[in-house]
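>
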Ligand code: SF4
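Residue numbers (my numbering), protein chains in the order written: chain Z, -17 to 166; chain W, 67 to 478; chain V, 1136 to 1316.
Written as C-alpha cells, this is what we have:
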C-alpha cells in the first residue's frame, strides 16, 4: 500500500518489512556461520580416491581444522555428502537413496574426476558424473586430487554456505523417498 | 478377519504355567551389510543369515565398483593401458604397472635393461610396504585402534612423498613402460629414501608393538577365520593369505622375475591360517621388503632406463626432431600404438595380495584384443562365505580386512 | 618344464573314435605349455590333472574367456592351472560355439573356480552346467547383454535411475593465478 510518504525523497525506511528483512538476514548470517564450521560429513567412499580421503582425514592434513572432522556413517546424522570415487550404474540408486536420506540443509562435494565427470572411464558401466544423479555443490578435479586441493574445495564450500540464505525452519514440504530430487 | 480367527479370539487363552517357559524366537535373521557400509570398504554387499549371533550363511554381491577395466583397455593402445592398471590396486599401483609391463614384454620377448629392473623392484617393494601398512592400519582402525591407523597413514605418506619425487603422483604413479621405466631416480633420491625407510621402520615397529601383543587385538583375531592349507589351495588363495596357511609358495621364489633371484630374502610362512597369522605375515613381509630395497640400493649401477628398440619405446626427443627415423618411429608409436606380436600370454607377478595375472591376447594391431585381469583378491573374496561359516558376526570385519579386498582390482 | 604334462595329457586322452581329447600342444610365450581340450572331456582332464600323483595341479589361479568375433567357434575359455608342489603351470583352451555356449563347470574340482565362471557368464554369456550359484557377477540383473562381447558397444550404458540435466557451465572457482589477496 503506497502513500504519499513514499514519494518524499530521503525518508528513512523504517517499515516493518524492512526491519524483518534485516533480522532475517542477521539470523541467516549467523546460521550460515554456524553451519559452515560444523560440517558433518558422510564419506561415500568407493574407489581409489578413498586412499587420499584417508590421508586427508589422518594426522597430516587433518580435516578437523575446518570443522569437518567427524565422519558420520549414518546419512541421518550428516549434512555434507562427500562422494569419493567412481560411481557406476549399479551404485547409482544407492547414492540417490543416501542423498535423499540426508536431511536438509545438505551439500554435496564431488571428490575426484570420476565423481565429477566419470573421468577416463567412459564406458558401459560408469555414470558420467554424479551430477546426473544428485545436485552437486563443489567439484574437486584431480585423479586423485591432492589433499590440498580438497581442502581448497572445502573452503569454497564454506564460502558458498555463508552466502546462502538460511532459516530456522525450511518452509518446504518434506521430501518423499523415491521422488525426483529438487533442484537447488 | 476370518471366522476362524474370530472364534479363536473368543476362546480364553490358557495361561502359561510360567513366563520362563516361553519358547525362544528361533527365527533366523537376515542382516544386510553394505554396499555403503564403512566396514565393507564401500563396494561389496554381504547378506548375512544369522543364527543367534553366528553366521549361518552369507552371500556376497559385488560389482559396485565395476568400471569396465577390460573393455576400456581393449579400446586404447597398449601404452594407454598403464593409467588404467594404476587404478586396479590403488594402494600399490606400481606393482600393477610392472605386472602389466612384464606380461606384455613376455609377448614381445623384450629384455629390460638392468637399471630399469632394479628401479622396478625398488618401487614395487616400496609399494608393497605401503599396501601392507594400509591393511594393518585399516585392520587396527576397524578393531578400534585409531592410533595404529594414524601411524600407518603417516608411514605411507612418507613413502608417497618419495614416490612423488620419482614419478610425479602420490597415488596413481603410471611409472613403468613397456621396455623399461618412465624416468630415473632424481639426484640424491636413494639416500633420501633410505632415510625415509628408517623412519618407516620405526613406525612399523611401533605398530608391531601396539598390536602384536595387544590382548584385545589378539583375542579378536586369533583362531578367527581359519583357513586350512588344503582349503586355501582349493579356493585359489595366493600371496600372504596362502602363506599364512602354511603353503610356502611365492612367485618371487618360484618363478623369479626382475632381479628377485639375485636378492637375499626369506618367505615368511604361517602355521594356523587365521586372521592373526595373516596380519603377522604382513608385518614380516614389510621387514623383508625393507631388506630387499636396501640390497637393491647397494647393487644398483647407472645405466639405460629403457630398451633401445624404437618399435616399442619412444625415441629420445633429439632424435625425433633431428632424424627421419626418429620422427617415423614417434609418429607410428603415437598414432598406431605399439605393434605387439600376435599371440597370447599369461603374465603373473607377486603383487601385495598375491598373484597378479594378466592374460593378454594380441592380434598384432596397436590395441589389446583381450586383456584379462586376474586380481589377487578375487578368489579370496569369493571364499569369504566359506571362511565365515559359523563365525560370529563381529568376526566378519577383521576377516574381511585381513584378506585385503581392494575394490578396484576385484571388481575391475 | 611343463612339457611333460602336456605330452602325458595328449598321450592319455587319445581317442581314435571320437577324436583326441587334448590336441594342438604348443609352448606358449614365457614357457607355459598350452593345449586345446575338447569340451566333452574337460572335466575328465581336469580331474585327472588334480588327482594324479604325478601332476597334482591343486589350484586353478585364473579362468577367463575370450571372444574371437568372426571366427568359428566364437568363444574360447582359458584355464590357467598351477601345481604348487611341482611348480608347473599349464594352460588349457576350450573352444565353444556361440549357439551352444555351454560348458561343464569345474567348481567341483577346484572350489576357487566359482567366481571365474560367473565372470565368464556375466561378461560373455557362456553358461556352465552344474554351477552352484549361476548368477551375474558384476552387472545387475536388469542389465541386458554381455558387455565384454566384441559386438557390445563401449558406451552402452543402461542406467538404473533417470538422469538429471547436467549444468551446462558450472561456476568455476578462482584458479591459483587469479586469486587476488
Ligand atoms: S578420480 Fe581417479 S583416483 Fe579418483 S576414483 Fe576416479 S580413477 Fe580413482
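All residues carry an ideal CB built from backbone N, CA and C; glycine is no exception.
The structure presented is a predicted model; accordingly, all values stated were derived computationally and were not measured.
1. For the region 67 to 84 of chain Z, which residues have a CB atom closer than 7 Å to at least one CB atom of chain V, in sequence order?
2. On the premise that residue 1180 of chain V lies in contact with residue 1213 of chain V, defined as a C-beta separation below 8 Å, what is that separation, rounded to the nearest angstrom?
3. For the beta strand (DSSP E) containing residue 440 of chain W, list its first residue and its last residue.
4. Taking Cβ to Cβ, would you say residue 187 of chain W is nearer than 8 Å to residue 228 of chain W?
5. Which one of W:457, W:142, W:379 has the shortest CA to CA distance from residue 177 of chain W?
6. What number of angstroms, rounded off, separates the C-alpha of residue 475 of chain W from the C-alpha of residue 389 of chain W?
7. Hey, would you say the C-beta of residue 124 of chain W is under 7 Å away from at least one heavy atom of the ligand SF4?
8. Going by the CB atoms, is the gap between residue 230 of chain W and residue 44 of chain W shorter than 8 Å?
9. Of all the options Z:71, Z:145, Z:132, which has the alpha carbon lying nearest to the alpha carbon of residue 48 of chain Z?
10. Of the residues V:1193, V:1204, V:1231, which one's Cα is nearest the Cα of residue 1216 of chain V?
11. Taking the C-alpha atoms as reference points, what is the distance between residue 210 of chain W and residue 45 of chain Z?
12. At 8 Å on the CB atoms, spell out the chain V contacts of residue 115 of chain Z, in chain order.
13. With 8 Å as the threshold, decide whether the Cβ of residue 1292 of chain V is near any Cβ in chain Z.
14. Buried or exposed: which applies to residue 477 of chain W, given that a residue is buried once 16 or more other Cβ atoms fall within 10 Å of its Cβ?
15. Restricting to Cα atoms, I'd like to know which of W:135, W:119, W:429, W:179 is closest to residue 370 of chain W.
16. With DSSP as the reference, label residue 198 of chain W as helix, strand or coil.
17. Should the region 236 to 256 of chain W be called in touch with the region 143 to 161 of chain W, which here means at least 3 C-beta pairs below 8 Å?
18. What residues of chain Z sit near residue 130 of chain W, judged by a beta carbon separation below 8 Å?
19. Going by beta carbon distance, what residues of the same chain come within less than 8 Å of residue 1316 of chain V, once the five residues before and after it are set aside?
20. Could you tell me if residue 1161 of chain V is buried or exposed, where buried requires 16 or more neighbouring beta carbons within 10 angstroms of its beta carbon?
21. List the endpoints of the continuous alpha helix (DSSP H) containing residue 1259 of chain V.
22. Could you tell me if the beta carbon of residue 90 of chain Z falls within a distance shorter than 7 Å of some heavy atom in the ligand SF4?
23. Considering only the beta carbon of each residue, do residue 155 of chain W and residue 448 of chain W sit closer than 8 Å?
24. To the nearest angstrom, how far is the alpha carbon of residue 23 of chain Z from that of residue 131 of chain W?
25. Go ahead and pull the three-state DSSP assignment for residue 83 of chain Z.
26. Span of the alpha helix (DSSP H) holding residue 226 of chain W?
27. Enumerated in chain order, which unbroken segments of the beta strand (DSSP E) with a length of 3 residues or greater are wholly contained in the region 364 to 427 of chain W?
28. Closer than 8 Å is the cut-off here; do at least three beta carbon pairs connect the region 1260 to 1270 of chain V with the region 313 to 324 of chain W?
29. List the residues of chain Z whose Cβ lies closer than 8 Å to the Cβ of residue 1254 of chain V, in chain order.
30. Can the beta-carbon of residue 100 of chain W be found less than 8 Å from the beta-carbon of residue 29 of chain Z?
31. Check whether the Cβ of residue 420 of chain W lies closer than 7 Å to any heavy atom of the ligand SF4, and answer yes or no.
32. Along chain V, which residues have their Cβ under 8 Å away from the Cβ of residue 106 of chain Z?
33. Let's see if you can read the secondary structure: which residues bound the beta strand (DSSP E) around residue 115 of chain W?
In terms of the structure at hand:
1. 71, 72, 74, 75, 78
2. Along the third chain, read from residue 1 onward, the residue named residue 1213 of chain V stands at position 78. Along the third chain, read from residue 1 onward, the residue named residue 1180 of chain V stands at position 45. With a Cβ gap of about 14 Å, residue 1213 of chain V and residue 1180 of chain V do not count as contacting.
3. Against the second chain, residue 440 of chain W aligns to sequence position 374. Here the beta strand (DSSP E) through residue 440 of chain W covers 434 to 440.
4. The sequence position of residue 187 of chain W within the second chain is 121, counting from 1. The sequence position of residue 228 of chain W within the second chain is 162, counting from 1. Not a contact, by the Cβ cut-off of 8 Å.
5. In the second chain, the residue the question calls residue 177 of chain W occupies position 111. For residue 177 of chain W, the nearest C-alpha among the options comes from W:379.
6. Along the second chain, one-based indexing puts residue 475 of chain W at 409. Along the second chain, one-based indexing puts residue 389 of chain W at 323. Computed Cα separation, rounded: 42 Å.
7. Translated into positions along the second chain, residue 124 of chain W becomes position 58. No, the ligand SF4 has no heavy atom inside 7 Å of this Cβ.
8. Residue 44 of chain W lies beyond the residue range present for chain W, which begins at 67 and ends at 478; the question has no answer from this structure.
9. If you number the first chain from 1, residue 48 of chain Z lands on position 66. For the residues Z:71, Z:145, Z:132, the minimum Cα distance to residue 48 of chain Z belongs to Z:132.
10. Against the third chain, residue 1216 of chain V aligns to sequence position 81. Among V:1193, V:1204, V:1231, the Cα nearest to that of residue 1216 of chain V is on V:1193.
11. The count along the second chain starts at 1 and reaches residue 210 of chain W at position 144. The count along the first chain starts at 1 and reaches residue 45 of chain Z at position 63. Rounded to whole angstroms, the separation of the alpha carbons of residue 45 of chain Z and residue 210 of chain W is 20 Å.
12. Here residue 115 of chain Z is taken as the residue at index 133 of the first chain, counted from 1. Under the 8 Å cutoff, chain V gives 1296, 1298, 1299.
13. On the third chain, residue 1292 of chain V is found 157 positions in, with the first residue counted as 1. Yes, because at least one Cβ of chain Z sits closer than 8 Å to the Cβ of residue 1292 of chain V.
14. Numbered from its first residue, the second chain carries residue 477 of chain W at position 411. With 16 or more Cβ atoms within 10 Å of its Cβ, residue 477 of chain W is classed as buried.
15. What you label residue 370 of chain W is simply residue 304 of the second chain in a count that begins at 1. Closest by alpha carbon: W:179.
16. As a position in the second chain, residue 198 of chain W is number 132, starting the count at 1. Residue 198 of chain W falls in the helix class under three-state DSSP.
17. yes
18. Your numbering for residue 130 of chain W matches position 64 in the second chain. Among the residues of chain Z, those whose CB is under 8 Å from the CB of residue 130 of chain W are 28, 70, 72, 73, 76, following chain order.
19. Residue 1316 of chain V sits at position 181 when you count from the first residue of the third chain. Summary for residue 1316 of chain V: the model assigns pLDDT 44, below 50, so the residue's position carries little reliability; its value from the coordinates is reported in the next sentence. Same-chain partners within the cutoff: there are none.
20. Locating residue 1161 of chain V in the third chain gives position 26, counting from the first residue. Label assigned to residue 1161 of chain V: exposed.
21. Stepping through the third chain from its first residue, residue 1259 of chain V is reached at position 124. From DSSP, the alpha helix (DSSP H) with residue 1259 of chain V extends over 1248 to 1259.
22. Indexing the first chain from 1 puts residue 90 of chain Z at position 108. No.
23. As a working mapping, residue 155 of chain W is identified with position 89 in the second chain. As a working mapping, residue 448 of chain W is identified with position 382 in the second chain. Against a cut-off of 8 Å, the Cβ pair of residue 448 of chain W and residue 155 of chain W comes out as no contact.
24. For the purposes of this step, residue 23 of chain Z is identified with residue 41 of the first chain, where counting begins at 1. For the purposes of this step, residue 131 of chain W is identified with residue 65 of the second chain, where counting begins at 1. Residue 23 of chain Z and residue 131 of chain W: Cα-Cα distance of roughly 21 Å.
25. Counted from its first residue, the first chain places residue 83 of chain Z at position 101. Helix at residue 83 of chain Z.
26. Walking along the second chain from the start, residue 226 of chain W turns up at place 160. It spans 212 to 233 - the alpha helix (DSSP H) in which residue 226 of chain W sits, taken as one unbroken run.
27. With a minimum length of 3 residues, the continuous beta strand (DSSP E) runs that stay inside the region 364 to 427 of chain W are 409 to 417.
28. In short, these stretches do not touch, since the Cβ pair count stays below three.
29. Taking the first residue of the third chain as position 1, residue 1254 of chain V is located at position 119. None at all; the shortest Cβ gap to chain Z is about 14 Å.
30. Working through the second chain from its first residue, we reach residue 100 of chain W at position 34. Working through the first chain from its first residue, we reach residue 29 of chain Z at position 47. Not in contact: residue 100 of chain W and residue 29 of chain Z (Cβ atoms no closer than 8 Å).
31. In the second chain, the residue the question calls residue 420 of chain W occupies position 354. No.
32. Position 124 of the first chain, counted from the first residue, corresponds to residue 106 of chain Z. Going along chain V in sequence order, the residues near residue 106 of chain Z (Cβ under 8 Å) are 1282, 1287, 1288, 1289, 1290, 1291, 1292, 1293.
33. Position 49 of the second chain, counting from 1, holds the residue named residue 115 of chain W. 111 to 117 is the extent of the beta strand (DSSP E) around residue 115 of chain W.
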